[in-house]
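Each residue of the sequence shown is one higher than the one before, counting from 6 in our numbering.
These notes are about the structure you will find just below.
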Amino acid sequence: MKYFSELATLLNQEQAFDKAQHDALLLQRSVQERIALGVTWFPITITNSELGRGDYLTITVNKTNHLEEGHRFRYGMPVSLFSNHAPQQDRLHGVIAFAGRDTMRISFRVDELPAWSRGGRLGIDLLFDENSYREMHCALDEANLALTDQKQGNLVRLLLGETDIREPAPSPVYENDSLNPSQNKAIAHILGKNPLSILHGPPGTGKTTTLVYAVQALLKQRSQQLLIVAPSNTAVDVLTERLDAAGVSVVRIGNPVKVSDHLQELTLDARVDNHASHKTIKNLEKQARTYSDMAHKYKRNFGKAERDQRKALFDEARKIRKEIDQLLDYIVKDVFTKAQVITATLVGANHYAIRNRRYQTVIIDEAAQALEPACWIPILKADRVVLAGDHCQLPPTVKSSHRTSEGLYHTLFEKLVAQHPAHVSLLDVQYRMNTQIMKYPSQTFYADRLQAAPTAAHWTLRGDNSPIVFIDTAGAGFEETVVDHAISNREEAHFLCNHLASLVTDLNMSLTDQAFPSIGVITPYRAQSLYLREIITQDDRLQPYAKQLQVNTIDSFQGQEKDVIYISLTRSNAKQEIGFLADTRRMNVA
């Protein structure tokens, strides 16, 4: 079908650009530069190695320097183990099984490390993630194929606009005193028999809260397992924690970004490790390792008898590992059988353990930030789908500058909102902003339909504070600078820092530590955010308030909230160019 072939073409363009960008980042830089960029660990130490499923070797590695620094390694990403003796030739490719701050577990398709790994210093490079693109391309192919299937193709045809949803099925009555009328109405629609429900959640309207109540209601109504996905690990972490706190039995596929022992316990790996039958696996692994170690003691130049004995030992180890794999399959199946909800990223929805599972209902959160090809991965597992998000905030990140790639900015969420307005539930009460702050986004993006909850409508830091202040720096000589395509405005940054220092000093005189507000400093540009973070952390006036201060880009801050927000718009030039600030959705987020 032309629709899916055009999406595949757009995805190919994005993949090619993304790979070229990654190669430039990795191949043309020194080890120290790559370490600073968070795409290399060097040197590392190997603290453990063991054979797992399919006789694949899994090693645990630790950083030895640059501890506590951030990095870009994530669960499921491909990596390369290398030696400094011959870093171009001596390489072994694997996949990340766990990524912590200073520790990683990596699985390789070999049963032992190569000889070169025992000499020289070792490191880990992050490779280009072909797998995510492969999964998206496969999903597009499967969606296209599903059109020929009478039953499975129904949902696909509906989402493409080829068939109409009949008049919305009558929704059951749902009332919860903890929620407002628009939230109750949205949940009622989700509980109905409609094949599509769209939850439109503007900033601060309690979208995640609504989803949690909706999940509880769905489980009570249908007692069937749900798949809940989101485009980012951070969004999946939030949902997983909130569902667990609400008493829902949830299994998290993949590796959480958030450093939390409790969140780690909710992952599939942890559930498997804590299963009653896992002790048997540990004992079997010990036996298999013993046989393998005995076999490896036979060196070169041994006779037929030794060769036969070596083979027998390897065969016995292989037999035990097959038994381990069978027991592991049973444990994984048992874990999923007891789970009410499975959470994962969009690509993680095709994890080997759940690849062939189907669900009556699939929920996609933050759908307005998801590339459409990725959305089809979980949709193809669903009889009905719930999309939650806000297309009036930032679209997904598209790296390619090719004009036709702009088609990826138009998300499936945005298309379905336009096609099926009767199935869109707008949450219209926001609990975050003073009415004066709310006025701009409400009028510009939401047809003036938002209303402020009484707790937020007139809230200020103090009674005499204005809830919103604009500072015009025109004529002050605060000009932007551009270095290697990175835009910053240092004079504006210092002005903001001084203003912030004055504010916190003033507030400290009138507020207790418990009442002191949280403060966010945000900007559209990464270079500006890095410079702001640098000068703010070095400012003695702001040191006592470090825990209350957070500096980041607007894009990274989406979905978060603070009592006070400073926005450094950064741009100031003679040509009056504002770059991607022209996308008003970025200001909606800010």
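Note that the Cβ used here is the ideal one computed from N, Cα and C, for glycine as well.
Remember, it's a predicted structure, so these values are computed and weren't measured experimentally.
Closest residue to Ala551 among Ile559, Asn53, Thr558, Ile540 (Cα-Cα distance): Ile540
According to DSSP, residues forming a beta bridge with Thr46: Residue identity check: residue 46 is Trp in the sequence provided, not Thr. Paired residues: Ile129.
Residue span of the beta strand (DSSP E) that contains Asn67, given as start and end: 62-68
Classification of Pro426 by the beta-carbon crowding that lies within 10 angstroms, buried from 16 upward: exposed
Any 3 or more C-beta pairs closer than 8 Å across the region 75-94 and the region 110-130: yes
Per DSSP, the bridge partner or partners of Ile111: Ile64, Ile101
Buried versus exposed call for Thr366 [16 or more other C-beta atoms within 10 Å across all chains shown]: buried
Status (buried if at least 16 other CB within 10 Å, exposed otherwise) for Pro261: With 16 or more other Cβ atoms within 10 Å, it is buried.
Residue range of the unbroken beta strand (DSSP E) whose run includes Phe78: Neither: Phe78 is in no beta strand (DSSP E) and is coded neither H nor E.
Assumed close pair Cys397, Asn593 - CB separation to whole angstroms, cut-off 8 Å: 6 Å
Strand pairing of His205, partner residues [DSSP]: Its beta-bridge partners are Gly394, Leu431.
Beta-carbon spacing of Val217, Arg171 below 8 Å: With contacts defined as CB atoms closer than 8 Å, Val217 and Arg171 fail to qualify as a contacting pair.
Element boundaries [beta strand (DSSP E), containing Ala491]: It spans 491-493 - the beta strand (DSSP E) in which Ala491 sits, taken as one unbroken run.
Continuous alpha helix (DSSP H) assignments of at least 4 residues falling wholly in the region 288-348: As far as the region 288-348 is concerned, its whole alpha helix (DSSP H) runs of at least 4 residues are 309-343.
Cβ distance (whole Å) where Ser577 is taken to contact Asn494 below 8 Å: 6 Å
Close-in-space but distant-in-sequence residues of the same chain around Leu385 (CB under 7 Å, 5 per side omitted): Within the same chain, Cβ atoms closer than 7 Å to the Cβ of Leu385 are found at Ala144, Glu147, Ala148, Ala151, the five residues on either side in sequence being excluded.
Glu497, buried or exposed, once every other Cβ within 10 Å from all chains shown has been counted against 16: Result: buried.
Cβ-Cβ distance between Arg467 and Ser515 below 8 Å: yes
DSSP-derived helix/strand/coil call for Asp388: strand
Residues near Thr440 in its chain [Cβ-Cβ closer than 6 Å; skip 5 each side]: Cβ within range, chain order: Ala457, Ala462.
Assigned exposure category for Tyr335 - 16 Cβ within 10 Å defines buried: exposed
Secondary structure of Ser573, DSSP reduced to three states: coil
With 16 other Cβ atoms within 10 Å as the buried cut-off, status of Asp95: Asp95 comes out buried.
Cβ pair Leu432, Gly128 closer than 8 Å: Contact: no.
Endpoints, the alpha helix (DSSP H) within which Thr153 is located: Run containing Thr153: none; DSSP gives neither H nor E here.
Ser471 versus Thr465: straight-line alpha-carbon distance, rounded: Those two C-alpha atoms are separated by around 7 Å.
Straight-line Cα distance separating Phe113 from Lys316: Straight-line Cα distance between these residues: approximately 22 Å.
Proximity of Leu333 and Ile286 at Cβ, strictly below 8 Å: yes
Distance between Asn181 and Arg58 (C-alpha atoms, nearest Å): 47 Å
Reference Thr52, options Gly81, Val243, Thr63, Tyr357, closest by Cα: Thr63
Cβ neighbour criterion (16 or more within 10 Å) applied to Asn288: exposed
Straight-line Cα distance separating Ser254 from Asp339: If you take the alpha carbons of Asp339 and Ser254, they lie about 13 Å apart.
Chain-order list of residues whose beta-carbon lies under 6 Å from that of Met601 (same chain, five-residue window excluded): What is shown of the chain runs 6 to 595, which leaves residue 601 out entirely.
Buried/exposed call for Leu32, threshold 16 Cβ in 10 Å: exposed
Beta-carbon spacing of Leu392, Ile359 below 8 Å: The answer is no: Cβ separation not under 8 Å.
Terminal residues of the beta strand (DSSP E) in which Gln543 lies: Note, Gln543: premise wrong, no beta strand (DSSP E); alpha helix (DSSP H) at 531-543.
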